[in-house]
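Q: Chains as they are written, first to last, in numbering that gives the first Met the number 0: chain A, 0 to 459; chain B, 0 to 459.
One structure, as structure tokens, below. Some questions next.
There are 2 protein chains.
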Amino acid sequence: MNRTKIKQLLAAQTAPGTVRVCGWVRTRRDAKGFSFMEVNDGSCLENIQVIADAEIEGYSRVKQITTGAAVSVTGELKPSPGRKQDWEIQAAGISLLGPAPDTYPLQKKRHSDEFLRTIAHLRPRTNKYGAAFRIRSELSFAIHRFFHDRGFTYIHTPIITGSDCEGAGELFQVTALDMDHPPKTNGRVDYTQDFFEKPANLTVSGQLEAEMMALALGDVYTFGPTFRAENSNTSRHMAEFWMVEPEMSFCDLVGDMDNAEAFIKYVTQHIMTHCPSDLSLFARFVDQTLMETLENINASEFIRLPYKDATRILSGAKDRFTFPVDFGSDLQTEHERFLAETHFKQPVIIYDYPRSIKPFYMRVNDDGDTVAAMDVIVPRIGEIIGGSQREDRLDILYQRMIETGINPDDYWWYLDSRRYGSVYHSGYGAGFERLMMLLTGISNIRDVIPFPRTPSTLEF
Amino acid sequence: MNRTKIKQLLAAQTAPGTVRVCGWVRTRRDAKGFSFMEVNDGSCLENIQVIADAEIEGYSRVKQITTGAAVSVTGELKPSPGRKQDWEIQAAGISLLGPAPDTYPLQKKRHSDEFLRTIAHLRPRTNKYGAAFRIRSELSFAIHRFFHDRGFTYIHTPIITGSDCEGAGELFQVTALDMDHPPKTNGRVDYTQDFFEKPANLTVSGQLEAEMMALALGDVYTFGPTFRAENSNTSRHMAEFWMVEPEMSFCDLVGDMDNAEAFIKYVTQHIMTHCPSDLSLFARFVDQTLMETLENINASEFIRLPYKDATRILSGAKDRFTFPVDFGSDLQTEHERFLAETHFKQPVIIYDYPRSIKPFYMRVNDDGDTVAAMDVIVPRIGEIIGGSQREDRLDILYQRMIETGINPDDYWWYLDSRRYGSVYHSGYGAGFERLMMLLTGISNIRDVIPFPRTPSTLEF
């Protein structure tokens, strides 16, 4: 007999008769002549209650059906007399698929997030992490829906690459050489003998390649892993994280901001509509202002604020900050959060940043001092999206490469795109895990991805 | 004025009045007093024809509007007198956004796939590669739809990992050390000073981690990049490719085969329904048997053939093969293709392979000699899916690790999943690029991914 998922059972309108449910026991309580079990199969947050009378098939092993054990239950779906749910199962037979000895680490009690990170292979069996990973899945789907419905082409940009998009260092290197005894020339590693015959690293962004695709297909987006070998232990950074990077031909900075705002609102609304139950867990136990924050995102038009005006506002509140703010300085998270949380109390898009603090590929504005960059700042998180109109003029792009210390020869193909049929175009990068933090209220980025990668952490 | 995508224009039922189209010129022909242009914007395979009279705004630069140039055209959408399309644009104004000097490599003529690989940043501007990458996008979406609609949770498994799922070697190593001068202890690299404080590599499969998630959430799948440092230059292998890996709790080998067959049929049908025009290009110019192959996949029930019977059939035709076939030998592509193309003329699922040629995680059958493995073989490609029921019995799994030279201590977490609430479960891996080859008829794997990674190829 095929199993039915608990999510489906709990949504039943009429009793379907005999069903089979498989899952893991969360708790068991025994009474005289029968047992109650709460069974969860991961299809939803909710458990289904199973009532097993002592005379049913398989009851002899009921004492082994402890927290964490896997069971298969057949029985009748019946209206539940309890208040919590409409349905429960009156078991006709129960079989123990896999026991869970009492060394099982997830006994019924509160566990700290720190402890649960050490058993990341088991934590999706808890309510909180199960809910987080179901939301993560639904959020991924929402992202694909958003772009697909707007006629964007999803593209895969390379993970192993020879280029460093940000020119920022902090790269992981990739090699097939024997690192203990690499071939050497003049005391340095001879990469001509490596797999790619030159040094290779993990991508920090798919943007440059995405631009090549946008300049052929129009609207494209990536959704893939990116990497930073940044040796910092914060609650907002990981060595491996997922990014969404749309790139749009025939789109200027205003169009870029419009798309970014629509994107944030769409995925927020999608999760509120499709994950109400999982979301309610976070609203109850993790961040009690969560629903208000999400509703605020959907209801408000994002403030659009030139960087120059942002620094003026921030200068007026400078005693609140550790870092000073002047034109030409990069905004810190404290500044961003002040603007979104305290000053405007809603999402803000800051644009037209000083050219001196931004990478070579951003379009230089007519004032010569600023570039057509924009960052979307949201309450509690700070920057969630960073984007720009791209420099589409060959000569200026070339100058900017020189100015920022990029070797144009390494980017002949990128320059080609401005040589042949260049068009104005824009794009942005959205940190997927930051979005997850925004939507769940989870405050440590390590807790929104199944198996986080941070300095010294490579388990699983 | 907002631009309208050509795909939308060509699908118009009634003339929408004045429109704006942006795109790249494929050809221009001049006549007395006017010009015809074919413009493509990447939204679809088809161009739109633009008729520009000599007196319109911007016509003075018409000589610069050569193949590859980017233009913005406003004008009236009018019924086309030509046979090829319903609509054309009578331009009111045209502006040259970006010219394409006559060094533009994609002049109107046939280019070889080999040449186009050297300009992978420009090849999506050709009909063939534009079509391929639109199909790639739609195929990705179909994959997410298939699993999402069936209640699977999409998960991201780690890219950088300390474990080697296949135990097969051929790994890329990842490091943040200075490879010229790494810290050493006793003449060997001291990885305790590396980013993760131990050796790290790029994943070859997300399966083991996906199993951990399936044993909490029920049905899950991955869709992400995987890596092999295999130094072989074939038309079927790359160093970086994308895999889809579903993993299902409470699912045996039969359920696994059922899901795999449904999956292949679903995505095939989806592409036939949603990409008829792009597909027709491949059916005309790349593989004239393509539509027949795809219809055959949808129409037939896949043959299910025990490995033992497969070897019997193959032994009967052994003079056709370079490699011999006996029980215990791995099937080669020539054998797989013989079965699917010549013998059965339809997809075949071979199952119950000898334990001696399969990895430790596959469930040992009661006969002791075989494991519950299955491979889906399709005409023209050979193996497109490989999967198995997983070994869910702690003691046998442990033995199999020892037997295959895996150190159980490195996999304490994997063993944990069989210690606590173990259940029967199954999964498979589908090579995304192999699927692309099946669906387009493209015969070189380098031509179905935007920027291929193969030995010595790291450009872009």
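Built from N, CA and C at the ideal position, the CB exists for glycine as well.
Keep in mind the model is a prediction, meaning the values are calculated, not measured.
1. Between G426 of chain A and E196 of chain A, how many whole angstroms is the CB-CB distance? I'm expecting something under 8 Å.
2. Tell me, which residues are paired with M373 of chain B by DSSP?
3. Does the separation of the CB atoms of L121 of chain B and Y419 of chain A fall below 9 Å?
4. Taking all protein chains shown into account, decide if Q192 of chain A is buried (16 or more other Cβ within 10 angstroms of its Cβ) or exposed.
5. Would you identify the three-state DSSP class for E208 of chain B, choosing helix, strand or coil?
6. Is C274 of chain B close to chain A? Criterion is C-beta to C-beta, closer than 9 Å.
7. Could you tell me whether the Cβ of F326 of chain A comes closer than 9 Å to any Cβ of chain B?
8. Taking a Cβ distance cut-off of 8 Å, strictly less, list which residues of the segment 414-431 of chain A are near chain B, in chain order.
9. Give the residues of chain B in contact with Y153 of chain A, contact being defined as C-beta atoms less than 8 Å apart.
10. Quick check on the DSSP output: what are the complete beta strand (DSSP E) runs of length 3 or more inside the segment 21-75 of chain A, in order along the chain?
11. Return the residue from the list A:Q206, A:S299 and A:R336 that minimises the CA-CA distance to A465 of chain A.
12. For R122 of chain B, which of helix, strand or coil comes out of DSSP?
13. Assuming the contact rule is C-beta atoms closer than 8 Å, C21 of chain A and R133 of chain A should be a hit. Round their C-beta distance to whole Å, please.
14. R399 of chain B: which of B:A371, B:S387 and B:V363 sits nearest, CA to CA?
15. Please state whether the Cβ-Cβ distance between F450 of chain B and E210 of chain A is less than 9 Å.
16. Can you tell me where the beta strand (DSSP E) with S248 of chain A in it begins and where it stops?
17. From the beta carbon of W86 of chain A, is the nearest beta carbon of chain B less than 9 Å away?
18. What do you reckon, are the CB atoms on Q48 of chain B and E56 of chain B nearer than 9 Å?
19. For L96 of chain B and chain A, any beta-carbon pair shorter than 9 Å?
20. Do V375 of chain A and S248 of chain A count as a contact pair if the criterion is CB distance below 9 Å?
21. Check whether the segment 390-407 of chain A and the segment 231-243 of chain A are in contact - that is, three or more C-beta pairs closer than 8 Å.
22. To test your reading of the DSSP string, which unbroken beta strand (DSSP E) runs of 3 or more residues are found completely within the segment 383-454 of chain A?
23. Can you tell me whether L304 of chain B is helix, strand or coil according to DSSP?
24. Using a Cβ cut-off of 9 Å (strictly closer), state whether F281 of chain A contacts chain B.
25. Could you check whether the Cβ of G67 of chain B sits closer than 9 Å to any Cβ belonging to chain C?
26. Shortest alpha-carbon distance to Q106 of chain B belongs to which of B:T65, B:K6 and B:F146?
27. So what does DSSP say about L457 of chain A, is it helix, strand or coil?
28. One question on the structure: do W23 of chain A and N39 of chain A come within less than 9 Å of each other, judged by their Cβ atoms?
29. Enumerate in chain order the residues of its own chain whose CB-to-CB distance from A429 of chain B is below 6 Å, with the five nearest sequence positions on each side excluded.
30. How about the segment 336-347 of chain B and the segment 299-319 of chain B: do they share at least three Cβ pairs that are nearer than 8 Å?
31. Please report the distance separating the alpha-carbon of T292 of chain B from that of P378 of chain B.
32. Flag this pair as yes or no: are the beta carbons of D255 of chain B and S387 of chain B separated by less than 9 Å?
33. Relative to the C-alpha of G16 of chain B, which residue among B:T26, B:T3 and B:L76 is closest?
34. From V188 of chain A to V188 of chain B, what distance separates their C-alpha atoms?
35. Do we get a CB-CB distance below 9 Å when we pair F463 of chain B with the residues of chain A?
36. Residues of the segment 37-55 of chain A with a CB closer than 7 Å to any CB of chain B: list them in chain order, please.
A: Concretely, from the data shown:
1. At roughly 31 Å, the Cβ-Cβ gap does not stay under 8 Å, so G426 of chain A and E196 of chain A are not in contact.
2. B:Y350 and B:G386
3. yes
4. exposed
5. helix
6. no
7. no
8. D415, S416, R417, R418, Y419, G420, S421, V422 and Y423
9. R135, S136, S139 and F140
10. 33-39 and 47-52
11. Because chain A is modelled from 0 through 459, residue 465 of chain A falls outside the range shown and cannot be assessed.
12. helix
13. Contact flag wrong, Cβ pair sits at about 18 Å.
14. B:V363
15. no
16. E239 to S248
17. no
18. no
19. yes
20. no
21. no
22. 424-430
23. strand
24. no
25. In the displayed structure, chain C is absent; the protein chains listed are A and B.
26. B:T65
27. coil
28. yes
29. V243 and I384
30. yes
31. 8 Å
32. yes
33. B:L76
34. 14 Å
35. With chain B covering 0 to 459 only, the question about residue 463 of chain B has no answer from this structure.
36. D40, G41 and S42
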